[in-house]
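Asks: Got a structure for you, questions after.
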Amino acid sequence: MDVTDATFQTEVIERSRTVPVVVDFWAAWCGPCRMLTPVLERAVEQRGGTVELAKVDVDANQEVASAYGIQGIPAVKAFRDGRVVAEFVGAQPATAVARFLDSLVPSQADLLARQGDEASLLKAHELDPGRADVAIPLARILLGRGERKEALDVLEKVHGSYVADGLAARIRLELAATPDLAPAFEAIDAGKQDRALEVLISAIRPKRAERDDIRRVVVGILDELGADDPLATSSRTRLASALY
């Protein structure tokens with residue numbers, strides 16, 4: 613698909629909100645462009661519509677070329693959700709082009725995760741058990757049914773997520789029967805994070821055996837609230853006081 617200054621907004625920017633669009637900035641006089649374009653075309657065709665290719669002649673469409681700072685060609689920019697998410701300059705071998713396109717196209721696990729129902733999350737978890745964005749909602753579904761050990765098994769395969777760590781810690785605390793924390797967990801389920809944090813932080817005592825798991829639950833809530841949330845800001849100060 614040839615794209616011009618006049619059609620770039622519609623054919624690339626708007627279209628990229630539905631499917632990734634790879635833009636090949638080229639010119640007729642450019643030898644490396646003539647080498648790269650067929651490689652891009654074949655690779656995009658092999659992906660069956662999961663990514664699209666747009667070609668911009670930089671000599672005929674200098675407005676777009678200038679807007680995106682094109683200085684050397686061939687230049688390839690990938691657009692998703694209206695913005696550039698990946699790029700490279702110069703002719704590349706087919707293997708490198710394939711890797712570039714694969715980084716843009718959603719995997720089967722990505723597509724299943726977006727559906728969000730239990731069956732889809734289970735399939736996505738089987739494909740990629742370390743994904744926090746799959747394991748957390750799946751574990752919450754299981755926890756809601758009282759399947760705590762099953763939920764914990766799902767979460768223990770995830771690494772590097774404060775939210776997953778916090779949810780796993782909550783389940784361990786529930787399994788250990790800590791009645792004074794029950795109001796906090798009820799508050800979390802009711803969306804009353806302020807009440808949950810009040811109970812949890814108050815329960816962090818110096819020699820309490822469950823102290824570290826309570827801290828993990830708190831940190832998970834704070835991470836989910838976000839760094840700029842006023843409740844998270846005030847609660848971090850209270851947590852630090854309770855810990856140190």
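Under the numbering used here, think of the first position of the sequence shown as 613, with each following residue one higher.
The beta carbon of each residue, even a glycine, is placed where N, CA and C say it ideally should be.
None of the values given here were measured: they were computed from a predicted structure.
Mapping the DSSP letters down to three states, classify Ala708 as helix, strand or coil.
Replies: Here residue 708 refers to the residue found at position 96 of the sequence shown. DSSP places Ala708 in helix when its eight states are reduced to three.
Asks: Does the beta-carbon of Asp792 have 16 or more other beta-carbons within 10 angstroms, so that it is buried, or is it exposed?
Replies: As a position in the sequence shown, residue 792 is number 180, starting the count at 1. Exposed: under 16 other Cβ atoms inside 10 Å.
Asks: Evaluate Leu755 with the Cβ neighbour count: other Cβ atoms within 10 Å of its Cβ, from every protein chain shown; 16 or more gives buried, anything less gives exposed.
Replies: By one-based count along the sequence shown, residue 755 stands at place 143. Result: buried.
Asks: What residue does the alpha helix (DSSP H) around Leu793 start on, and which one ends it?
Replies: Here residue 793 refers to the residue found at position 181 when the sequence shown is read from its first residue. First-last for Leu793: undefined, no H or E at that position.
Asks: Residue range of the alpha helix (DSSP H) that Leu896 falls in?
Replies: Residue 896 is absent from the model: the chain starts at 613 and stops at 856.
Asks: Determine the contact status of Val676 and Asp636, defining contact as a CB-CB distance below 7 Å.
Replies: Counting from one through the sequence shown, the residue named residue 676 turns up at place 64. Counting from one through the sequence shown, the residue named residue 636 turns up at place 24. No.
Asks: So which of Ile813, Asp693, Ile833 and Thr662 has the shortest CA-CA distance to Leu779?
Replies: On the sequence shown, position 167 is the one that residue 779 refers to. When each option's Cα is compared against that of Leu779, the closest is Ile833.
Asks: Hey, quick one: how far does the beta strand (DSSP E) through Ala698 stretch, first residue to last?
Replies: Within the sequence shown, numbered from 1, the residue matching residue 698 stands at position 86. Counting along the chain, the beta strand (DSSP E) containing Ala698 begins and ends at Arg695 to Val701.
Asks: Excluding the 5 residues flanking Arg850 on each side, which residues of the same chain have their C-beta closer than 7 Å to its C-beta?
Replies: Sequence index remark: in the sequence shown, residue 850 carries index 238 (1-based). Closer than 7 Å at the Cβ level, and outside the excluded window around Arg850, lie Ile813.
Asks: Rounded to whole angstroms, what is the Cα-Cα separation between Val863 and Ala821?
Replies: Here the chain has residues from 613 to 856 only, and residue 863 is not among them.
Asks: Starting from Asp824, trace the beta strand (DSSP E) both ways and give me its first and last residue.
Replies: As a first step, residue 824 must be located in the sequence shown, where it is residue number 212. No beta strand (DSSP E) contains Asp824, which is instead part of the alpha helix (DSSP H) from Arg823 to Leu837.
Asks: By a C-beta neighbour count over all protein chains shown, 10 Å radius and 16 as the cutoff for buried, is Glu730 buried or exposed?
Replies: Position 118 of the sequence shown, counted from the start, is the residue given in the question as residue 730. It is exposed - the Cβ of Glu730 has fewer than 16 other Cβ atoms within 10 Å.
Asks: DSSP state of Asp801, grouped into three classes?
Replies: The residue given as residue 801 occupies position 189 in the sequence shown. Reduced to three states, the DSSP call for Asp801 is helix.
Asks: Which same chain residues end up closer than 7 Å to Val624 when comparing Cβ atoms and leaving out the 5 residues on each side of it in sequence?
Replies: Residue 624 sits at position 12 when you count from the first residue of the sequence shown. For Val624, where only same-chain residues beyond five positions count, the Cβ hits under 7 Å are Val615, Val633, Val635, Ala666 and Phe691.
Asks: So, is Asp671 buried or exposed, given that buried needs 16 or more other C-beta atoms within 10 angstroms?
Replies: One-based indexing of the sequence shown puts residue 671 at position 59. Exposed.
Asks: What are the complete beta strand (DSSP E) segments, minimum 3 residues, inside the stretch 633–668?
Replies: Whole beta strand (DSSP E) segments, 3+ residues: 633–638.
Asks: Between Asp835 and Val775, how many whole angstroms is the CB-CB distance? I'm expecting something under 8 Å.
Replies: Numbered from its first residue, the sequence shown carries residue 835 at position 223. Numbered from its first residue, the sequence shown carries residue 775 at position 163. Contact flag correct, Cβ pair sits at about 6 Å.
Asks: Do Val717 and Arg782 come within 7 Å of each other at the CB atom, strictly closer than that value?
Replies: Within the sequence shown, residue 782 is the residue found at index 170, counting from 1. Within the sequence shown, residue 717 is the residue found at index 105, counting from 1. Not closer than 7 Å, so no.
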